[in-house]
Structure formats: structure tokens, C-alpha cells
Amino acid sequence: MELEGHPTHDIVTELERRGALWIRGSSSGPDPDDVGALARAAPGLTGSWLFLPEVVWATGMDDYPG
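First residue of the sequence shown? That's 785 in our numbering, and the numbers climb one at a time after it.
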């Protein structure tokens with residue numbers, strides 16, 4: 785995977801292209817309502833959670849994409 789432009793946006797775009805989904809949350813975990821909606825939309829789907837704090841986007845060149 786080769787990234788061009790703004791790295792944080794490029795990686796998110798690439799992951800979404802591959803099927804990643806945005807789920808709201810905090811350091812306590814993903815938002816239960818969003819997880820419930822995901823479970824209903826894609827029952828039995830397995831994967832990994834990745835927590836990206838908003839500070840990740842504080843690069844001076846990227847805007848928060850969410």
C-alpha cells in the first residue's frame with residue numbers, strides 16, 4: 785500500500801476502501817449504539833478494533849475526518 789498526500793487521511797481512505805468502518809467511541813471503548821448497529825448490519829463479522837484519539841489528527845495539515 786503506497787500512500788501519497790496527507791498520510792493520516794490516506795491510510796483511513798485505504799482502510800475504508802478495504803471495508804473498514806467508522807465507529808464512534810472513547811478510551812472506554814466503542815459506542816454501544818454504533819456497535820449494535822454494526823452487529824445488526826453485519827452479523828458474525830469478525831475484526832479488530834483500533835482506537836485513534838483525536839490528537840492523531842492534530843498534525844497541522846490534516847482535519848479530523850469523522
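For every residue, glycine included, the Cβ atom is placed at its ideal position computed from N, Cα and C.
With a threshold of 6 Å on Cβ separation, who are the neighbours of E800 within its own chain once the five nearest residues in sequence on each side are excluded?
none
Under the rule that 16 or more other beta-carbon atoms within 10 Å means buried, what is V796, buried or exposed?
buried
Roughly how many whole angstroms lie between the Cα atoms of G803 and A842?
25 Å
State the Cα-Cα distance for the pair D794 and V840, rounded to the nearest angstrom.
13 Å
Coarse secondary structure for P814, derived from DSSP in three states
strand
Helix or strand or just coil, what does DSSP make of G820?
helix
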